[in-house]
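J.: For what it's worth, this note's numbering labels the leading residue of the sequence shown as 10, then goes sequentially.
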Amino acid sequence: MSVRKPSLNDLRKAADSYHLDLTEDDLAAYQGLSEGVIAALGRLDQLVETRPPVKYPRSVGYRPTAEEDPLNAWYWKCSIKGAASGKLAGKRIAIKDNVCVAGIPMMNGSFVLEGYVPDVDATVVTRILDEGGEIAGKAVCESFCLSGGSHLADTGPTHNPHKRGYSAGGSSSGSAALVGAGDVDMSVGADQAGSIRVPSSWSGVVGHKPTYGLVPYTGASSLEYTIDHLGPMTRTVTDAALLLEVIAGKDGFDPRQAEARTESYTRALTGDAKGLRVALVKQGFGLEGVSEPDVDQMVQDAAQQLERAGARVTTMELPWHRDGMAIFMGIGVEGVTTMVAKGNGLGTNWKGYYTSSLLEAYARGMRTRPNDLSPTTKLMFLMGQYMSDNYYGRYYAKAQNLARTLKQSYDDALKEVDLLVMPTTPMKARPLPPPDAGLIERVARSMEAVANTCPFNVTGHPALNVPCGFSDGLPVGMMLVGRYWEDATVLRAGHAFEQLSG
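Below, the structure is given as structure tokens:
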């Protein structure tokens, strides 16, 4: 590929898009001036860009049949073996299908990207292989990761591992279902509004959204740089701590990691919660129109059980928590539109690694298959463009400024206690929408579960879902939230509860 010199008509169209009044002489002059820019860009075509390494051989694998994949949770199956030994030796791990695995097809839940094959391994993939883990395949995710349900992947709905016909949660739907069904030992999920924690809650697995920047996002498809997180999804807190220990830490590619601090998360699992101060956040319960009484009660009872492990449990008011959803929406609507629709999934203006092949795949797909976008994606793009055209980024800017206030409110609360507790999702898994469900129902089922999770994508605090029981045959999840970089404390408390509950 090479950059061609712009025609006068190209420049005229560009000028019109910026409402510039240029004469034909002006356009001709600018066409001449473009030659220096074109020459510089031509030199870029001759240079080789640095890429994350692809260290281990692999075959392409295959798309499984319905008989082999009854939950419809696999997008692609493969077997990539890493080092002969390491912390993850003997572990089979699924990777959410918004994360690049070189040579393995990646769809990000959408026909828009169908046919794309990455040429790099994400940092988390390389680290898993370096520690002896086996990549068992790509887990289905919701279309462009924009759904908290499991019904909007273009490959079809993913079923709950505990109750067929019910949602597994999203957007890391397949990642949760495969762990919950025992098909894999671990999985990697991505979380921008709760997409690790929501499916973990509904599918009855452990899911940890790490402190913002702790795990490198390099090689994963982004929604918005300020809310992106990758993290572990496992059957036990011990395994979550182990996988986090492997994938956490600076990689030199992701500028979100400037202050990242790691420790041995497995050593922090003492089996008790002695000395920990835990607070139930009143505003995380009783959410009008969505909270279910059995979920609220089960989480309150689970938190009180931590006293048996040595914790001191109290209750606190945190009014700003209820505004977290509004702040998230202010960031998400325009931020996602700018990143995905206008920035081809990568955007500009940061010092991180750009997976250029992914950018090109987005660009092609968005221009040739826009009608294959999911209804939630269309809603985000329509509203994002509307806000940009009419309010010029004011609400995005205000939301980012208010995000600091929201973060400070949690930081202040976490000076008084060590952990905040609330239901991960205010309700249990819902039935999957029927195939003939209308647009409004499909969107509603994709956005109803994130009121407690999305504030912590805005603020970046570590947050862990721990299964705390079943009601009507469906799992209920408790969320533990801690201070920045104190993921070990969050995991320690989750492990203590896990030991109590068996």
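Where is the CB? At the ideal position from N, CA and C, for every residue including glycine. Predicted model, so just to flag it, every value in this text is computed and none were measured.
#1: Hey, how far is the Cα of residue 450 from the Cα of residue 243?
#2: Kindly list the residues whose CB is nearer than 8 Å to the CB of residue 448, restricted to its own chain and excluding five residues on each side of it in sequence; keep chain order.
#3: Flag this pair as yes or no: are the beta carbons of residue 461 and residue 293 separated by less than 9 Å?
#4: Taking all protein chains shown into account, decide if residue 51 is buried (16 or more other Cβ within 10 angstroms of its Cβ) or exposed.
#5: For residue 196, tell me which candidate among 160, 111 and 105 has the shortest Cα-Cα distance.
#6: How far does the alpha helix (DSSP H) with residue 408 in it reach, from first residue to last?
#7: Exposed or buried, which one is residue 157 when buried takes at least 16 other CB atoms within 10 Å?
#8: Does DSSP put residue 223 in a helix, a strand or coil?
#9: So, residue 514 versus residue 432, is the Cβ gap smaller than 9 Å?
#10: For a quick check, are the C-beta atoms of residue 200 and residue 399 less than 9 Å apart?
#11: What span of residues does the alpha helix (DSSP H) with residue 504 cover, start to end?
#12: Considering Cα atoms alone, identify which of 178, 134 and 127 is closest to residue 152.
#13: Nearest to residue 428 by alpha carbon, out of 499, 463, 453 and 396?
#14: Using DSSP with H/G/I as helix, E/B as strand and the rest coil, what is residue 45?
#15: For residue 107, which residues from the same chain have a beta carbon less than 7 Å from its beta carbon, with the 5 sequence-adjacent residues on both sides left out?
#16: Give the single residue among 114, 296, 53 and 282 whose Cα lies nearest to the Cα of residue 317.
#17: Who are the Cβ neighbours of residue 11 in its own chain at under 7 Å, not counting the five residues just before and after it?
#18: What residues match up with residue 479 in a beta bridge as DSSP calls it?
#19: Quick one: measure Cβ to Cβ for residue 485 and residue 307, integer angstroms, because I've assumed they're closer than 8 Å.
#20: Which partner residues does residue 363 have in the DSSP bridge list?
#21: Starting from residue 148, trace the beta strand (DSSP E) both ways and give me its first and last residue.
#22: In angstroms with no decimal places, state the Cα-to-Cα distance between residue 425 and residue 90.
#23: Residue 364 to residue 355, Cα distance in whole Å?
#24: Cβ of residue 56 versus every heavy atom of the ligand ADP: is any distance shorter than 8 Å?
#25: Can you tell me which residues form a DSSP beta bridge with residue 242?
#26: Could you check how far apart the C-beta atoms of residue 114 and residue 85 are, in whole angstroms? I think they sit under 8 Å.
#27: Between the segment 259-278 and the segment 368-378, do three or more beta carbon pairs fall short of 8 Å?
#28: Ignoring anything shorter than 4 residues or poking outside the segment 333-405, list the alpha helix (DSSP H) runs there in chain order.
#29: As an exercise, report each continuous alpha helix (DSSP H) stretch of at least 4 residues that is fully enclosed by the segment 284-336, in chain order.
#30: Helix, strand or coil: how does DSSP classify residue 456 here?
T.: According to the structure shown:
#1: 30 Å
#2: The beta carbon of residue 448 lies closer than 8 Å to those of 384 in the same chain, with the five residues before and after it left out.
#3: For residue 461 and residue 293, yes; Cβs fall inside 9 Å.
#4: exposed
#5: 105
#6: 403-425
#7: buried
#8: coil
#9: Nothing about residue 514 can be reported from this structure: the residues present for the chain run from 10 to 511 only.
#10: Cβ atoms of residue 200 and residue 399: not closer than 9 Å.
#11: Under the DSSP assignment, residue 504 falls in the alpha helix (DSSP H) whose first and last residues are 496-510.
#12: 178
#13: 499
#14: Helix, per DSSP.
#15: 117, 150, 154, 199, 229 and 230
#16: Ranking the options by Cα distance to residue 317, first place goes to 282.
#17: 51 and 54
#18: Answer is 484, bridged to residue 479.
#19: About 5 Å separates the Cβ atoms of residue 485 and residue 307, confirming a contact at the 8 Å cut-off.
#20: Note: residue 363 sits in no beta bridge, so no partner.
#21: 143-148
#22: 46 Å
#23: 8 Å
#24: In the structure shown, the ligand ADP is absent, as is every other ligand, since no ligand is present at all.
#25: 196 and 216
#26: 6 Å
#27: no
#28: 333-345, 365-377 and 384-400
#29: Qualifying alpha helix (DSSP H) stretches, in chain order: 302-314.
#30: Taken through DSSP and simplified to helix, strand or coil, residue 456 comes out as helix.
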